[in-house]
Structure formats: structure tokens, C-alpha cells
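Data block below; observations after.
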Amino acid sequence: MGWVGSFRPLIIPYYFATQGFFVYLIYNFIKGVPRDLDEAAVIDGCSKYGIFGRIMLPLTVPALITSGIFSFIWRWDDFLSALLYINSSNMYPVSLALKLFSDPSSSSDYGAMFAMATLSIMPCMIIFIFLQKYLVEGIATTGLKG
6 MGWVGSFRPL IIPYYFATQG FFVYLIYNFI KGVPRDLDEA AVIDGCSKYG
56 IFGRIMLPLT VPALITSGIF SFIWRWDDFL SALLYINSSN MYPVSLALKL
106 FSDPSSSSDY GAMFAMATLS IMPCMIIFIF LQKYLVEGIA TTGLKG
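Take any residue in the sequence shown, note its place counting from 1, add 5, and you have its number in the working numbering.
This is the structure in C-alpha cells:
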């Protein structure tokens, strides 16, 4: 398939819900939405697709964003998959490059290593800062707002 030595094995499997945690999170979030919302929409004449698009999808946005945040952070931090599938040091992601920057056999430049570590967590921190309200909503709410 030609996947070794490319980013494909790091990206493509996550489009097919390979992380059961996210399926579990979204399932329990939807399970917490009261049945009354569906019934009220049916009484108002909404179709099944309308219920999904106008009621369920907007209510599940916090859970979807929470799943996206966790997925990004886990993929950004993934060390083992990159070590297994990527064989060129030019293609190493930040986590693997940071590990290879430290040299246990001689003295390491700790200042540069800490600067690299700080720069490597910046994308995760920026995403968290802008989307933290959705993260809290995705974990804390059950579907009723008001």
C-alpha cells in the first residue's frame, strides 16, 4: 500500500472512528438529550432529517468540538505511531524530533530543548484557549439549555 514512510497511516485511520472514546462520548451526549425535544419537533411537523439537522446536530456541537480537540491533541502528541511508520528523519513530527534532540550519551542543550517543547505545545494551547467554552459544555451539559 506504500503507507510506510508517509503521513497516511497517521491521518487516514482517524477518519473512520478508530477511537472508541469519541463514539462513546457522542453516544452518551446524545443519550442525555431529552426525548421531549424529538417529540415536540415531530408534533411541529419536522422530518427525521429535520430533527437531526435542526435539533440534534446543534445540540451535539459541544461534544463534536470536544472530540475534535481531544483528537487533535492526541494526534499531535503521538509518539509511537510516528516512530513505527515514518522512517525518514526529515518527516518526523514535533514529538519525535524533540525526543531525538535530547542526547543521553552526552550533554544536551536544555535551553534549546525547553524552547522546542514550549513551541511544540503552542498549537494545543491556542486551540484550547479559543475552544475551551465548548470543551466545558461538551463535558458538562446534557442537552437542555435555558
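Glycine residues also receive a C-beta, built at the ideal position from the N, C-alpha and C atoms.
Helix, strand or coil at K138 according to DSSP, with G and I counted as helix = Within the sequence shown, residue 138 is the residue found at index 133, counting from 1. Three-state DSSP puts K138 in a helix.
Could you spell out where the alpha helix (DSSP H) holding F106 opens and where it closes?
-> Position 101 of the sequence shown holds residue 106. V99 to F106 is the span of the alpha helix (DSSP H), which, as asked, contains F106.
Closest by C-alpha distance to R40, when choosing among M61, I134, G55 and R80 = As a working note, residue 40 is residue 35 in the sequence shown. Nearest C-alpha to R40: M61.
The alpha helix (DSSP H) spanning G73 covers which residue range?
-> Numbered from 1 along the sequence shown, position 68 holds the residue referred to as residue 73. Residues L62 to W81.
How do the stretch 125 to 141 and the stretch 75 to 95 stand: do at least 3 beta-carbon pairs fall below 8 Å, yes or no?
-> As far as the Cβ criterion goes, the stretch 125 to 141 touches the stretch 75 to 95, which means the pair count is three or higher.
Three-way DSSP call (helix, strand, coil) for G116 in this model = As a first step, residue 116 is located in the sequence shown; it is residue number 111 there, counting from the start. Three-state DSSP puts G116 in a helix.
Evaluate F21 with the Cβ neighbour count: other Cβ atoms within 10 Å of its Cβ, from every protein chain shown; 16 or more gives buried, anything less gives exposed.
-> Position 16 of the sequence shown, counted from the start, is the residue given in the question as residue 21. Answer is exposed; the Cβ neighbour count stays below 16.
Close-in-space but distant-in-sequence residues of the same chain around F27 (CB under 6 Å, 5 per side omitted) = Numbered from 1 along the sequence shown, position 22 holds the residue referred to as residue 27. Counting only residues of its own chain and dropping the five nearest sequence neighbours on each side, F27 has a CB closer than 6 Å to the CB of S72.
Pairing CB atoms from the stretch 51 to 60 with CB atoms from the stretch 85 to 99, are three or more of them under 8 Å?
-> Under the Cβ criterion (8 Å, minimum of three pairs), the stretch 51 to 60 does not count as touching the stretch 85 to 99.
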